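Peer 1:
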Amino acid sequence: MLINLLEKQGIEFIKGLSDEEVTIIHHDFDIQFPPDLMLFLQTALPVSGKFINWRAGLSSTVKEMEIRDRINWPLEGMFFDIDNNGFWPSEWGNKPDDLQQQQEIAEYHYRQWPKLIPIYSHRYIPSMPNEDGNPVFSVYQTDIIYYGYDLASYFKHEFRLTLPADLTLPESPKPIDCWDYFLE
20 MLINLLEKQG
30 IEFIKGLSDE
40 EVTIIHHDFD
50 IQFPPDLMLF
60 LQTALPVSGK
70 FINWRAGLSS
80 TVKEMEIRDR
90 INWPLEGMFF
100 DIDNNGFWPS
110 EWGNKPDDLQ
120 QQQEIAEYHY
130 RQWPKLIPIY
140 SHRYIPSMPN
150 EDGNPVFSVY
160 QTDIIYYGYD
170 LASYFKHEFR
180 LTLPADLTLP
190 ESPKPIDCWD
200 YFLE
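Under this note's numbering, the first residue of the sequence shown is numbered 20, with each subsequent residue one higher.
Structure follows, in structure tokens:
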């Protein structure tokens, strides 16, 4: 249903990812698709515009690097805000004077958090908990907001879809360890 609605919006799809491709993606990019995103990507793979073409990342070094850049975008945005906007959570302790030390501390904490998986442009879904219904975030540096309380509500919002009336969407987002800090 979502794929048909997105196709009507002009989104191009190709054959969905195979189990083998998903396994390779999980290993090579050190990510884990939540089940609802995995089902979506295995049903049909969106390749239009700012969608991530995961399959191309398996066969092209250029596309692989683009995907890695997108995976690292939230961390790079955090580095930017540390250096330029005074971002420093009190939970990290005293902020060192040295920028490299600041970035090392930020990266240490960031690597403990659920990894964010790029979906489209600067929209991300957390990899954990590894279950259906994780919210989708809009991530621009440390300006992070909900862009959907789950995958379906995200697509509804992003692409202005009219979903069937009998489809139940969450009324509030599922809490996500560490990322909730940015959403308070």
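For every residue, glycine included, the Cβ atom is placed at its ideal position computed from N, Cα and C.
Here the structure is a predicted model, which means the values were calculated and not measured.
Any contact between the stretch 148-156 and the stretch 47-55? By contact I mean 3 or more CB pairs, one from each, below 8 Å.
Peer 2: Contact between the stretch 148-156 and the stretch 47-55 is present, because at least three Cβ pairs lie under 8 Å.
Peer 1: Which of helix, strand or coil does DSSP assign to residue 58?
Peer 2: Helix, per DSSP.
Peer 1: Could you give the residue range of the beta strand (DSSP E) that holds residue 135?
Peer 2: Element bounds for residue 135: 135-139.
Peer 1: Within the chosen definition, does the stretch 139-149 reach the stretch 37-48 through at least 3 CB pairs nearer than 8 Å?
Peer 2: Contact fails: fewer than three Cβ-Cβ distances are below 8 Å.
Peer 1: Quick check: what's the CA-CA separation for residue 104 versus residue 161?
Peer 2: Roughly 10 Å separates the two Cα atoms.
Peer 1: Grouping DSSP H, G and I as helix and E and B as strand, with all else coil, what is residue 151?
Peer 2: Looking at residue 151 - three-state DSSP - the assignment turns out to be coil, as it is neither helix nor strand.
Peer 1: Measuring alpha carbon to alpha carbon, tell me which residue in 101, 178 and 126 is nearest residue 116.
Peer 2: With distances taken between Cα atoms, residue 116 lies closest to 101.
Peer 1: Note down, in chain order, each residue of its chain lying with its Cβ closer than 6 Å to the Cβ of residue 33, except the 5 sequence neighbours on either side.
Peer 2: Same-chain partners within the cutoff: 64 and 66.
Peer 1: Identify every residue that forms a DSSP beta bridge with residue 192.
Peer 2: Beta-bridge pairing links residue 192 to no other residue.
Peer 1: What distance in whole Å lies between the Cβ atoms of residue 50 and residue 134, which are believed to be in contact at a cut-off of 8 Å?
Peer 2: Yes, they are in contact, since the Cβ atoms of residue 134 and residue 50 sit about 6 Å apart, within 8 Å.
Peer 1: Whose C-alpha, out of 119, 120 and 146, is nearest the C-alpha of residue 131?
Peer 2: Considering only alpha carbons, the answer is 146.
Peer 1: Counting only runs that start and end within the stretch 30-58, where is the alpha helix (DSSP H) found for 4 or more residues in a row?
Peer 2: Listed in chain order, they are 38-48.
Peer 1: What's the gap between the Cα of residue 128 and the Cα of residue 120?
Peer 2: One C-alpha to the other measures close to 13 Å.
Peer 1: Return the CA-CA distance between residue 48 and residue 111, expressed in angstroms with no decimal places.
Peer 2: Going from the Cα of residue 48 to the Cα of residue 111 covers about 27 Å.
Peer 1: Quick one: what's got a C-beta closer than 7 Å to residue 201's C-beta in the same chain, skipping five residues either side?
Peer 2: Answer for residue 201: 161 and 163, listed in chain order.
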